[in-house]
Each structure stands twice: as structure tokens, then as C-alpha cells.
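Presented below is the structure to which this report refers.
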Amino acid sequence: MEQTLTVDALRDRVEGIFRHAGMNAIQAAALSRVITAGERDGCKSHGVYRIEGVLRTLKAGKVLGTAEPELDGGSDSAIVRVNARGGFSNPAFELGLPVLAARAKRLGLAALVVNDCTHFAALWPEVEAVTDHGLATMVMCPSYATVAPAGGKRPLLGTNPFAFGWPRTGRAPYVFDFATSVAARGEIELHRRAGKPLPKGWAIDAEGQPTTDPEAALAGAMLPFGGHKGSAIGTMIELLAGVMIGDLTSPEVLDFLGSTTLAPFHGELILALSPEKFTAGREGDPFARAELLFEAIQGQGARLPSQRRFAARAKAEAEGITLSDSEIAQLERFESL
Ligand code: NDP
Ligand code: PYC
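Just so we're aligned: 1635 in the numbering used here is position 299 of the sequence shown, and the numbers increase by one with no gaps anywhere.
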């Protein structure tokens, strides 16, 4: 039977599963927050279904559940580094965030480089954590080679998520967060589990022919969003959040893991920008001017990105999170391991 849990109750259960699997407190707490946030905000592709992959990756020895991330904040540089030391990205991000925010406010622009991390999560929780400091932000990371470049037929790029946030006074921030493939790979897996065909245009099979069969898509390649445009943005992410930060690119991640059934190991790049510092000396308040733009967008009947997510969050906080029969059964199975 489906069940409705409070947000806190779900987070506690997920955290318990990870602690039971041998993860230390910081890793288990950060992961349970991000997975529960996915369910709360109606982002199923990065919700409780990811627990299985986390446990599989731990069991395969490809991530260190007891890692203690290490901050290299000694210098006064605009580049702040955290080495996740083989653990998950989220606790490493949390360690670096206060230093990133302080430097961006002082210098106008700062970057947080996370190296040697396993990353399976949605990016918007990190975006919102940066906008909470009154800063604009761009966040990106590679993944593993599952996406054919525009005009190509074989997996090479990752689904490489790209996210942006702009702080808004007294309101939820403007946030978008998307895979640079037509859809996140998690969506293909969820279609496979539900026995549903994919929408046309998402993927090609191993022979390079268009397919709507999730199994064939997983064996073939996903397609970049917007053809050559998504392909170029995906490539930029390989360069900035892989090559430039001295970490793995998506093809290298796949070589390292040998499988797309484990959570990917690579780096992440978080840029933080102070709108006030950039506007200094020019006319107008950047935050007030941004509001005019948002009003004009909504004035045409269009919605802002994340509006659906924030509405799902408000509903979940008021009414709880409803999990299906099979999701509850899976949680219970993990709890009994
Ligand atoms: P979606 O296509 O579902 O959504 C992308 C963005 O567009 C969201 O911010 C969404 O807001 C917004 N949006 C959707 N429809 C509209 C609309 N009609 N008008 C305005 N805005 C709209 O996301 P993806 O499937 O591409 O990605 C899902 C998640 O997967 C992301 O959170 C991403 O970080 C994650 N991911 C993580 C990877 C990793 O390696 N860690 C790899 C790939 C993806 P809203 O949510 O409100 O609908
Ligand atoms: O959904 O594409 C995805 C994804 C890859 C790694 C984590 N999420």
C-alpha cells in the first residue's frame, strides 16, 4: 500500500539506511537530505530510487562512505578547493560553501572546486544553498559517457547537468537545473522500470537508430538537448568541470567505473557571483531590475523554472510525501539488509 510520510520521517529513514550500510554521519546526513529533497520537490529521477545505486556503489568499493572531505581554504584566492577524498560530493560542497560565499562577497566572484567525489544528485539543492547567501551561481559537473555528440552515434559526453540561480528578496530564488541531454538518465531508468516507451527524440540504439525502447536506449546513446547547442554546452562542462579542474571527463569516468550502474566519480564546479559588486558604479539595483524581467516573463502567462518544484515542496511540507507500494517495499528491504 502507498504510504505518506513527513519530510523529516523520510529523511530519517534514508539516513538510517545509509548509516546501517556503514556510512559516517556527515556522508549519511548530506545524502539523506538531498534524496529526500528530490522526493519532496517532485524530482523522482533523483529521489529514493537513487538509494539502490548508492548502496551498489558502496558495495563495489567505488565510493568511500566514511570519507572526511578536506578544505583547502588557506590562501586568499578566488578559487576554493575541497577534496571529497573519495566520498560523495554533497558533504564536500557543504564544507566549502561558507568560504565560497565569503570570498564571492568580498571579491565579486569566486569558484568552489570539488575534486575526487561521487556525484549522483540533482544540482538545485546546491544552487539554493548559494542563493541563500544573496549570490548568483552556476553549477555544473560531468557524468559518464552516455550521450552522443550532435551528429555522432556513440556515447561520449555525460548527461552533464547545468544549473543557475539568482537570489530574490523575500521569495524563492530563480533557479533552473537541467541535464544537457534531452532528459536525465534517471528518467530513462524510470521509464524502463515502469515498462513505458520513451518519448521520441530522447535516444538512439546501439546501431545509431532512433529508439523509444528504454533498454535499447540504455544500450545505445542518449541525445543532447537542442542538437548542436546542448552538445556544445555538454562539451563546455567536460572542459570546465573536468579538464580545467584536473578531474575526470565523462569518457574517463566510464573507463574508471566500467559501468553506468554505479554512481559516477568525478569533480564539480560551483561559481558564485555577487550582483552588487558587478553592478557597482552603474545605474539601478540589479535585484529590482531582475524582478521586472521575471514579472514580464510571467506576464505573458509563462512560468518560471522551479515554480513547479516549489509548489511540490509546499504541498509535501503541508501534506507529506507519498511513496508508492514498490518504493515503500524497497525502503523496507534496505532497512532489513
Ligand atoms: P527537467 O527537464 O525536468 O527540468 C529542467 C528545468 O526546466 C527545471 O528547472 C524545470 O523546473 C524547468 N522547466 C521545466 N518545464 C518548464 C516550463 N514549462 N517552463 C519553465 N521552466 C520549466 O530536468 P532534467 O530532466 O533535464 O534534469 C533533472 C535533474 O537531473 C536536474 O536536477 C539535474 O541536476 C539532474 N541531473 C543530475 C546529473 C548528475 O550527474 N548529478 C546528471 C543529469 C541530470 P521545474 O523543476 O519547476 O519543472
Ligand atoms: O540522471 O543523468 C542522470 C544522472 C547521471 C548521474 C546522476 N544522475
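C-beta atoms are modelled at their ideal positions from N, C-alpha and C, and glycine is treated no differently.
If you're wondering where the values come from, they're calculated on a predicted model, not measured in any experiment.
A direct Cα-Cα distance of roughly 11 Å separates A1428 from E1462. Relative to ligand 2, P1461 has its C-beta separated by 8 Å or more from all heavy atoms. Shown here for A1484: same chain residues with a beta carbon closer than 7 Å to its own, the five before and five after excluded, namely R1490, P1491, L1492, I1540, A1557 and L1559 in chain order. Every beta strand (DSSP E) stretch that sits fully inside the segment 1406 to 1487 and reaches 3 residues is listed by chain position as 1406 to 1408, 1415 to 1419, 1445 to 1454 and 1472 to 1476. Residue range Q1339 to L1341 is occupied by the beta strand (DSSP E) that includes L1341. Under the DSSP assignment, F1514 falls in the beta strand (DSSP E) whose first and last residues are Y1510 to F1514. Taking 9 Å as the cut-off, the Cβ atoms of L1407 and M1359 do not count as close.
Contact between D1377 and A1648 holds: their C-beta atoms lie close to 5 Å from each other, under 8 Å.
For F1500, the closest C-alpha among the options G1470, R1529 and E1464 is that of E1464.
Contact between G1422 and A1403 holds, since their C-beta atoms are separated by about 5 Å, short of 8 Å.
Judged by DSSP secondary structure, G1374 falls within the alpha helix (DSSP H) whose first and last residues are A1361 to R1376.
Using a Cβ distance threshold of 9 Å, A1420 and V1466 do not count as a contacting pair. Ranked by Cα distance from W1502, the options D1344, S1662, E1612 and V1518 are led by E1612. Taking 8 Å as the cut-off, the C-beta of N1496 counts as close to a heavy atom of ligand 1.
Burial state of H1382 is buried, judged by a 10 Å Cβ sphere holding 16 or more other Cβ atoms. Judged by DSSP in its simplified three-state form, E1619 adopts coil rather than helix or strand. A direct Cα-to-Cα measurement between G1594 and E1619 gives close to 54 Å. For F1601, the pairing in a beta bridge is given by DSSP as T1454.
Annotation for I1657: the continuous beta strand (DSSP E) segment containing it runs I1657 to L1659. Between S1517 and F1456, the C-beta spacing is not below 9 Å. For H1527, the shortest C-beta to heavy atom distance toward ligand 1 is 8 Å or greater. Here the alpha carbon of V1579 sits roughly 28 Å from the alpha carbon of I1362. For R1442 and V1435, the gap between their C-alpha atoms comes out near 11 Å. For G1656, same chain residues with a beta-carbon under 7 Å away, outside a window of 5 residues either side, are T1340, L1341 and T1342 in chain order.
The three-state secondary structure of I1581, taken from DSSP, is coil. If you draw a straight line from the Cα of S1567 to the Cα of A1481, it is about 13 Å long. In this structure, the beta-carbon distance from E1574 to G1488 does not fall below 9 Å.
By the Cβ neighbour-count rule, P1533 is exposed, with fewer than 16 other Cβ atoms within 10 Å of its own. Shown here, T1505 sits in coil according to DSSP, grouped into three states, outside any helix or strand. Around the beta carbon of R1639, fewer than 16 other beta carbons sit within 10 angstroms, so the residue counts as exposed. Put simply, the backbone Cα of G1563 is about 5 Å away from that of A1486. Checking the 8 Å criterion, the Cβ of P1587 is out of range of every heavy atom belonging to ligand 2. Inclusion of S1586 and S1479 in the CB contact set at 9 Å is warranted, their separation being smaller than that value. Proximity of the beta carbon of D1377 to ligand 1 is indicated: a heavy atom of the ligand is located closer than 8 Å.
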